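Visitor:
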Amino acid sequence: MGILFTQVSTKGQVVIPAELRQEMGIEIGTQMAVERQGDTILLRPITPDFIRGLRGSTKGVGRVREREHRKDKL
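By our numbering, the letter at position 63 of the sequence shown is numbered 64, and the numbering carries on one by one without gaps.
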């Protein structure tokens, strides 16, 4: 598949071409992750594989916030 084109609506919505939605298994209601990488916007369907890839990426974040909260109280 080559480059496909779409446009942004007045509401900021973008239509993902049907061919690409079918190939990627994107259906009505599929949640998408939106990420900026330099001058590129990445849209990724949130799938079980995507969620598995996030495991451990926030490890310790809660502990850091908890420690900061305790420091503020002192």
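Glycine included, each C-beta is placed from N, C-alpha and C at the ideal position. The structure presented is a predicted model; accordingly, all values stated were derived computationally and were not measured.
Within the same chain, show all residues whose beta-carbon is closer than 7 Å to that of Val9, passing over the 5 residues directly before and after it, in chain order.
Guide: Excluding positions up to five away in sequence, the list reads Val15.
Visitor: Given this structure, state the Cα-to-Cα distance separating Ala19 from Arg56, to the nearest angstrom.
Guide: Looking at the two C-alpha atoms, the distance is approximately 31 Å.
Visitor: Entirely within the segment 6-32 and at least 4 residues each: give me those alpha helix (DSSP H) ranges in chain order.
Guide: Taking only runs of at least 4 residues, the alpha helix (DSSP H) segments lying wholly in the segment 6-32 are 19-25.
Visitor: Considering only residues of the same chain and omitting the five flanking positions on each side of Leu5, which have a CB-CB separation below 6 Å?
Guide: Cβ neighbours of Leu5 beyond the five flanking positions: Pro18.
Visitor: Would you kindly work out how many angstroms separate the C-alpha atoms of Gly13 and Thr7, rounded to a whole number?
Guide: Using only the alpha carbons, I get a separation of about 12 Å.
Visitor: Does DSSP put Ile52 in a helix, a strand or coil?
Guide: Residue state, collapsed to three classes: helix.
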